[in-house]
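Encoded as structure tokens, the structure appears first; notes follow it.
Protein chains: 2
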Amino acid sequence: MNTKCDFDFEAFDFQKMNGLLPAVVQASSDGEVLMVGFMNREALQQTLERGYVTFFSRTRNQLWMKGESSGNRLRVVTAHTDCDRDTLLLRVEVEGAGLVCHRGTRSCFTESVLRPETASPRNDAPEKESR
Amino acid sequence: MNTKCDFDFEAFDFQKMNGLLPAVVQASSDGEVLMVGFMNREALQQTLERGYVTFFSRTRNQLWMKGESSGNRLRVVTAHTDCDRDTLLLRVEVEGAGLVCHRGTRSCFTESVLRPETASPRNDAPEKESR
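Structure, rendered in structure tokens:
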């Protein structure tokens with residue numbers, strides 16, 4: 070077991086999602102939710118050992134350290150699990166240009182699914198009038 | 070289709086998780102991540118139509134409006150999807166006592182998985198010295 074994790078890995082519920090935990094990545098500076106990825110046990114161990122977020126890619130079936138090639142790596146500031154121990158919340162600092170999404174935005178969550186009249190002023194994604 | 074959703078439901082990728090999308094729930098007031106649940110198409114439609122977060126319970130195999138009995142309902146302020154359209158981010162106002170977790174805390178993410186020496190000052194979860 071790695072030395073930075075003060076948590077029994079057996080306590081995580083990897084069963085519920087066939088060996089994976091959803092991991093929410095949040096900017097520690099301002100709380101913006103940047104993305105959600107998935108970690109198997111190995112990805113979580115590597116994340117905690119190295120201090121940088123590593124996911125398990127469901128499509129490529131392999132580990133990938135987020136930002137390893139682009140430089141926009143996610144340095145772990147805090148890591149928490151929830152009451153069911155089946156989900157992770159990682160607060161991070163984004164290195165490099167600070168852009169997490171492959172589309173060139175800071176966060177992956179840029180598309181609103183609500184009509185403008187039901188959204189609050191904080192909803193700053195571009196909206197269409199109707200569809 | 071409901072009238073509040075300015076988004077084609079066919080565009081969501083429900084396939085990747087057997088009909089479910091992970092949904093991150095974040096407090097709109099201060100950005101605290103409160104919980105993660107899962108939505109099938111029906112749960113998402115109900116959430117957008119009623120304006121309150123409704124999940125699909127994987128263990129009970131049914132819809133449940135979060136806080137319907139406790140009063141701690143989650144009123145949707147904004148709703149976004151990500152670049153892959155396989156995840157949701159819902160910013161909410163928590164009604165009632167404002168406690169989202171069944172353990173009586175505001176957020177479900179209360180257990181740190183990092184040792185104190187590697188965590189930032191923002192990590193305020195109780196820590197053990199060693200294990």
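Top line first, the protein sequences correspond to chains A and B.
Going by this note's numbering, the residue at position 82 of the first sequence is 151; the numbering climbs one at a time, nothing skipped.
Going by this note's numbering, the residue at position 126 of the second sequence is 195; the numbering climbs one at a time, nothing skipped.
Where is the CB? At the ideal position from N, CA and C, for every residue including glycine.
Just so it is clear, the structure is predicted and the values come from calculations on it, not from any experiment.
Identification of chain A residues near Met104/B by a Cβ-Cβ cut-off of 9 Å yields Asp151, Cys152, Thr156, ordered along the chain. Between the segment 150 to 167 of chain B and the segment 139 to 146 of chain A, the count of C-beta pairs closer than 8 Å stays below three; the two stretches do not touch. Annotation for Thr150/A: the continuous beta strand (DSSP E) segment containing it runs 143 to 150. Taking a beta-carbon distance threshold of 8 Å, Ser181/B counts as an interface residue toward chain A. The C-beta distance from Ser176/A to Val182/A rounds to 15 Å, too long to fall under 8 Å, and the pair is not in contact.
DSSP, reduced to helix, strand and coil, places Glu162/B within a strand of the structure shown. Assigned with DSSP and collapsed to three states, Thr123/B falls in strand. For Phe107/A, the enclosing beta strand (DSSP E) has its first and last residue at 102 to 108. Minimum Cα-Cα distance from Val146/B among the listed residues Gly136/B, Gly173/B, Asn130/B, Leu158/B corresponds to Leu158/B.
Within chain B, the residues whose beta carbon sits less than 7 Å from that of Arg172/A are Cys152, listed in sequence order. Measuring C-alpha to C-alpha distances from Ala92/B to each of Glu79/B, Asp99/B, Leu117/B identifies Leu117/B as the nearest.
Bridge pairing for Met134/A: Thr123/A [DSSP]. Leu157/B is bridged by DSSP to Ala92/B, Thr150/B.
The residues Leu159, in chain order, have a CB closer than 6 Å to that of Ala148/B in the same chain once the five nearest residues on each side in sequence are set aside. Under DSSP, Glu180/A forms a beta bridge with Thr150/B.
Chain A places no beta carbon closer than 8 Å to that of Leu132/B, leaving this residue out of the contacts.
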